[in-house]
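**Q** What follows is a structure written as C-alpha cells; I'll ask about it next.
Protein chains: 2
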Amino acid sequence: MHILVIGAAGMIGRKLVARLAAEGAVGGKRIERLTLVDVVAPEPPPGMAAEAWAADLSAPGEAARMLAGRPDLVFHLAAIVSGEAEADFDKGYRINLDGTRLLFDAIRQLGLAEPYAPRVVFTSSIAVFGAPFPDAIGDEFFTTPLTSYGTQKAIGELLLADYSRRGIFDGIGIRLPTICIRPGAPNKAASGFFSSILREPLAGQPAVLPVGDDVMHWHASPRAAVGFLMHAATLDTAPLGARRNLTMPGLAATVAEQIEALRRVAGDKAVALIKREPDETIGRIVAGWPRKFDAKRAEALGFVAEKSFDDIIRAHVEDELGGKVA
Amino acid sequence: MHILVIGAAGMIGRKLVARLAAEGAVGGKRIERLTLVDVVAPEPPPGMAAEAWAADLSAPGEAARMLAGRPDLVFHLAAIVSGEAEADFDKGYRINLDGTRLLFDAIRQLGLAEPYAPRVVFTSSIAVFGAPFPDAIGDEFFTTPLTSYGTQKAIGELLLADYSRRGIFDGIGIRLPTICIRPGAPNKAASGFFSSILREPLAGQPAVLPVGDDVMHWHASPRAAVGFLMHAATLDTAPLGARRNLTMPGLAATVAEQIEALRRVAGDKAVALIKREPDETIGRIVAGWPRKFDAKRAEALGFVAEKSFDDIIRAHVEDELGGKVA
Numbered sequence: 001m002h003i004l005v006i007g008a009a010g011m012i013g014r015k016l017v018a019r020l021a022a023e024g025a026v027g028g029k030r031i032e033r034l035t036l037v038d039v040v041a042p043e044p045p046p047g048m049a050a051e052a053w054a055a056d057l058s059a060p061g062e063a064a065r066m067l068a069g070r071p072d073l074v075f076h077l078a079a080i081v082s083g084e085a086e087a088d089f090d091k092g093y094r095i096n097l098d099g100t101r102l103l104f105d106a107i108r109q110l111g112l113a114e115p116y117a118p119r120v121v122f123t124s125s126i127a128v129f130g131a132p133f134p135d136a137i138g139d140e141f142f143t144t145p146l147t148s149y150g151t152q153k154a155i156g157e158l159l160l161a162d163y164s165r166r167g168i169f170d171g172i173g174i175r176l177p178t179i180c181i182r183p184g185a186p187n188k189a190a191s192g193f194f195s196s197i198l199r200e201p202l203a204g205q206p207a208v209l210p211v212g213d214d215v216m217h218w219h220a221s222p223r224a225a226v227g228f229l230m231h232a233a234t235l236d237t238a239p240l241g242a243r244r245n246l247t248m249p250g251l252a253a254t255v256a257e258q259i260e261a262l263r264r265v266a267g268d269k270a271v272a273l274i275k276r277e278p279d280e281t282i283g284r285i286v287a288g289w290p291r292k293f294d295a296k297r298a299e300a301l302g303f304v305a306e307k308s309f310d311d312i313i314r315a316h317v318e319d320e321l322g323g324k325v326a
Numbered sequence: 327m328h329i330l331v332i333g334a335a336g337m338i339g340r341k342l343v344a345r346l347a348a349e350g351a352v353g354g355k356r357i358e359r360l361t362l363v364d365v366v367a368p369e370p371p372p373g374m375a376a377e378a379w380a381a382d383l384s385a386p387g388e389a390a391r392m393l394a395g396r397p398d399l400v401f402h403l404a405a406i407v408s409g410e411a412e413a414d415f416d417k418g419y420r421i422n423l424d425g426t427r428l429l430f431d432a433i434r435q436l437g438l439a440e441p442y443a444p445r446v447v448f449t450s451s452i453a454v455f456g457a458p459f460p461d462a463i464g465d466e467f468f469t470t471p472l473t474s475y476g477t478q479k480a481i482g483e484l485l486l487a488d489y490s491r492r493g494i495f496d497g498i499g500i501r502l503p504t505i506c507i508r509p510g511a512p513n514k515a516a517s518g519f520f521s522s523i524l525r526e527p528l529a530g531q532p533a534v535l536p537v538g539d540d541v542m543h544w545h546a547s548p549r550a551a552v553g554f555l556m557h558a559a560t561l562d563t564a565p566l567g568a569r570r571n572l573t574m575p576g577l578a579a580t581v582a583e584q585i586e587a588l589r590r591v592a593g594d595k596a597v598a599l600i601k602r603e604p605d606e607t608i609g610r611i612v613a614g615w616p617r618k619f620d621a622k623r624a625e626a627l628g629f630v631a632e633k634s635f636d637d638i639i640r641a642h643v644e645d646e647l648g649g650k651v652a
C-alpha cells in the first residue's frame, strides 16, 4: 500500500513515520511506498521506498502533486498551531482551513476522473471545545471553540464528515488530547508546562510551574497518539455512520497527580526541581481549557490511551531517554 | 442607520424589507438607507432611500461593493437551499461557504483600514443537526449535519463566532425552524408538504400528504422568522459570550396537530381537501430531521415564536389571504 503523510516532519509525524517503517505494514498490508511532506522536508525512514519534499499545502497545485501517486491512506497532520493561528489570522486560515479544503478537493478531483476514495485520517484537537464545560465533556457536546485554531479544526471536521458522507473519501477525524510528555526543548506554548514539569526534572533540569496544583487537564503520550493514528487507519468506519469525528481517550489528571507520578518514577530529587512561579496570564488561558472528557465512543471503537500518569512518564523514559532517569 | 440585506429577494428577505420599511427604524434608530442585494434584483420598498441590484456574493469584489457604504447592520440571508446544495456540490460550497467567508472577510478588510464592526445577523438552519436525536434537542447538542447545506451553515456559524470573538464584527447566528406556512406555489422540497397541506386547503385547493399523521416537526411562521431577525438586529450580544449561534424557538407539532388546527380555523371542508398519498422517499428523508428542540437560550434572550398551530395558520390568513379563508 501507498501512504501519504502530510505534516511528516512534526513531532507526531516523525513518530508516526518511524512506527510505519518499523511495522512495515498497516492492517496486514505491506507498505510499498511512503510519500512524506511538510513545510520542511521530512526525513525518509531507512529501508523503505519513500519520497519526501517540502511543500505548502495551501499553494496552488501542491495537494494534487502530493496525491499524484493515488495513495491508499492519507494522514493529514499538518497545521499551524494554536498560538500562531491566533497571532496570524491569515496564515492560520490559509493553512488550517484552505489547506485542508484544497487537500479534500484534490481527492475529489482525482475521484471524478477515475474511482478513488482513500482512507483519510485527520488530526483534530480538543481545542474545538470552549468553556464553560460540564464536569466531563461527552461525545455529543457542541463545538464552540475559543481560538481561530479550534475554529479551523472544527471546520475541518465538518468538511471531513460531509466529504465522507458523499463517498469522496473514507475519513476519520481524531481529536487529540494535549500530548504529554512532548519531547524536545521547552517551547512558549501556554500548555508547555504540562510537559516541562516532567521532562526537565527527568533530565536533571529545573522547571517552572506557572499554575496551581489543582489544575486538571486531559493528556495522552506521543506513543498513544501514534497508536490512535494507526488504529484510525484501519478501523471499520461503517459503525461511525455520518459522525466521523471522535474525541480520543486520554487521562484526566491534576498537576498534583502529575507531580506524584513523577515522584514515584524519579524520586523526590526530581520533584524538587519544580519551581512554583504563578503566572496569571497562563492561569487565565488554562482555565478556559477542557479538563476531562467521557470519550465513550472512541473507547468502544478500540482507541486506547494510558490509564495512569506513571505510564505516561514511563513511555517518555523508554522512548526518549533510553530507559534512564537522570 | 444604513442597513444591508443580502438575499433580499427571497421569501424571508422580502418580508423583512417590508417590515423595515413599515417600521422606518430599528432599535429606535431611523433607517436612512437600505442596500438590497440578491441573485435577482430585489424590489426596493416605496418611500425609503434604497439601492437594489442583482449580484453573486461569491464573485470577486461583490462583497466589497455591497459594503461600500459601511452599513451599520448587515442581514446575511443569502443561500443555496438544501436540495440544490446537495445536487450541486460546487455551487453549494461556492455560495454558502465561500460567499459567506468573502462577506466576512470584506468586513474585516474594511475594518483594517478604518474602525468598522457592524452587527451581522446570519440565518442558519436546524439542518446543522443530524439524526439520531434526543427527544428534545438542547442548546448544547452537537452539530453533525447530514447534508452539504447543513455543513455549510454549520461552518458559517463557526466563522461568525470566531470573527465576532476577534471583534471583526458583532455577529449573531439564528437557526430558523422550518418556515410554515410558506406562501406561494407548491415547491418540490421534501419539506413542502408541511406548508401545502395547510396553504392549499385554505385557498380551496387540494393538497397531498406524503407521510403519516404522527410525523413531528419544528415550525415557525414567516412572521415569527422576521421577528427573530428584527430582535437579533438589536439584541445586546454581551450575554452571548463566544456562543453566537442560537436555535430559535418554534413549535413542535405532529401532522395530526397541524390538521386539527386547520379544522378549527377553516372547518372540515378544508381538511377534506388533504389526500393521503404515502411517499417512502419523503418519509425516509423526513425521518432524519429534527422533531423538537428545547430552545431555552433563545427564549431567555427574548426570541418569540408561535405557541399553537392555530396562531401559525392565522398569521398566514392575515398576512397572505387578507384575512379570508376560501
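Those sequence lines, one after another, are chains X and S.
For the first sequence, the working numbering assigns the number 1 to the initial residue and increments by one for each residue that follows.
For the second sequence, the working numbering assigns the number 327 to the initial residue and increments by one for each residue that follows.
Each residue gets a CB set at the ideal place from its N, CA and C atoms; glycine is no exception.
Since the structure is predicted, the reported quantities are computational estimates derived from the model, not experimental observations.
(1) Tell me which residues of the segment 475-494 of chain S have at least one Cβ-Cβ distance to chain X shorter than 8 Å, keeping chain order.
(2) According to the Cβ coordinates, are leucine 103 of chain X and valine 26 of chain X closer than 8 Å?
(3) Does leucine 146 of chain X get closer than 8 Å to chain S when you measure Cβ to Cβ?
(4) What are the partner residues of glutamate 377 of chain S, as DSSP defines its beta bridges?
(5) Cβ of glycine 333 of chain X less than 8 Å from any chain S Cβ?
(6) Name the chain X residues that come within less than 9 Å of phenylalanine 619 of chain S, Cβ to Cβ?
(7) So, under 8 Å CB-CB, aspartate 364 of chain S and alanine 621 of chain S are touching, yes? Tell me the CB distance rounded to an integer number of Å.
(8) Given a cut-off of 8 Å on the beta-carbon distance, is the pair alanine 592 of chain S and valine 651 of chain S in contact?
(9) Applying the 10 Å Cβ sphere with the 16-neighbour rule, what's the burial state of lysine 479 of chain S?
(10) If you draw a straight line from the C-alpha of glutamate 358 of chain S to the C-alpha of isoleucine 329 of chain S, how long is it?
(11) In angstroms with no decimal places, state the Cα-to-Cα distance between leucine 229 of chain X and aspartate 90 of chain X.
(12) So if DSSP puts isoleucine 312 of chain X in a beta bridge, which residue, or which two residues, is it bridged to?
(13) Which whole-angstrom value is the C-beta distance of threonine 504 of chain S and histidine 545 of chain S, which I expect to be below 8 Å?
(14) If you count every other CB in all the chains shown that lies within 10 Å of the CB of glutamate 644 of chain S, and 16 or more means buried, which is it?
(15) Comparing C-alpha positions only, which one of X:Gly167, X:Glu200, X:Met216, X:Ile107 sits nearest to alanine 63 of chain X?
(16) Is the Cβ of arginine 356 of chain S closer than 8 Å to any Cβ of chain X?
(17) Mind checking threonine 144 of chain X: buried by the 16 CB within 10 Å criterion, or exposed?
(18) Got a sec: is the Cβ-Cβ distance from threonine 449 of chain S to anything in chain X below 8 Å?
(19) When you compare only the Cα positions, how much space is there between threonine 573 of chain S and arginine 623 of chain S?
(20) Buried or exposed: aspartate 488 of chain S, going by 16 or more other Cβ atoms within 10 Å of its Cβ?
(21) Phenylalanine 133 of chain X to tryptophan 379 of chain S, Cα distance in whole Å?
(22) Say whether chain S places a C-beta atom closer than 8 Å to the C-beta of glutamate 140 of chain X.
(23) List the residues of chain S that arginine 94 of chain X touches, going by C-beta distances under 7 Å, in chain order.
(24) So who's on the other strand from lysine 355 of chain S, going by DSSP bridges?
(25) Excluding the 5 residues flanking aspartate 382 of chain S on each side, which residues of the same chain have their C-beta closer than 7 Å to its C-beta?
(26) Flag this pair as touching only if the segment 156-175 of chain X and the segment 280-288 of chain X have three or more C-beta atom pairs under 8 Å; answer yes or no.
(27) Taking only the alpha-carbon atoms, compute the straight-line gap between isoleucine 421 of chain S and phenylalanine 193 of chain X and give it to the nearest angstrom.
(28) Based on the DSSP output, what are the partners of arginine 549 of chain S in its beta bridges?
(29) Rank S:Glu440, S:Ile481, S:Ala529 by C-alpha distance to the C-alpha of aspartate 98 of chain X and give the top, closest one.
(30) Which word fits asparagine 245 of chain X, buried or exposed, when buried means at least 16 other C-beta atoms lie within 10 angstroms of its C-beta?
(31) Relative to chain S, which residues along the segment 240-259 of chain X have a C-beta separation below 7 Å, given in chain order?
(32) Taking its Cβ as the centre, do 16 or more other Cβ atoms sit within 10 Å of arginine 396 of chain S, making it buried, or is it exposed?
(33) Give me whichever residues DSSP pairs with histidine 328 of chain S in a beta bridge.
(34) Identify the continuous alpha helix (DSSP H) that holds serine 521 of chain S and give its terminal residues.
(35) Any idea what DSSP makes of phenylalanine 459 of chain S, helix, strand or coil?
(36) Have a look at histidine 217 of chain X and valine 407 of chain S and give me their C-alpha separation to the nearest angstrom.
**A** This is what the structure holds:
(1) Thr477, Ala480, Ile481, Leu484, Leu485, Ala487, Asp488, Arg491, Arg492
(2) no
(3) yes
(4) S:Thr361
(5) The question about residue 333 of chain X has no answer here: the residues shown for chain X are numbered 1 through 326.
(6) Residues of chain X passing the Cβ test: none, with the nearest at roughly 13 Å.
(7) Incorrect: roughly 28 Å between the Cβ atoms, too far for contact.
(8) yes
(9) buried
(10) 8 Å
(11) 29 Å
(12) Bridge partners of isoleucine 312 of chain X: none, in fact.
(13) 6 Å
(14) exposed
(15) X:Ile107
(16) no
(17) buried
(18) no
(19) 8 Å
(20) buried
(21) 45 Å
(22) yes
(23) None at all; the shortest Cβ gap to chain S is about 12 Å.
(24) S:Val352
(25) Val365, Glu388
(26) no
(27) 44 Å
(28) Answer is none; arginine 549 of chain S lacks a bridge partner.
(29) S:Ile481
(30) buried
(31) Ala242, Arg243
(32) exposed
(33) S:Arg359
(34) 518-528
(35) coil
(36) 42 Å
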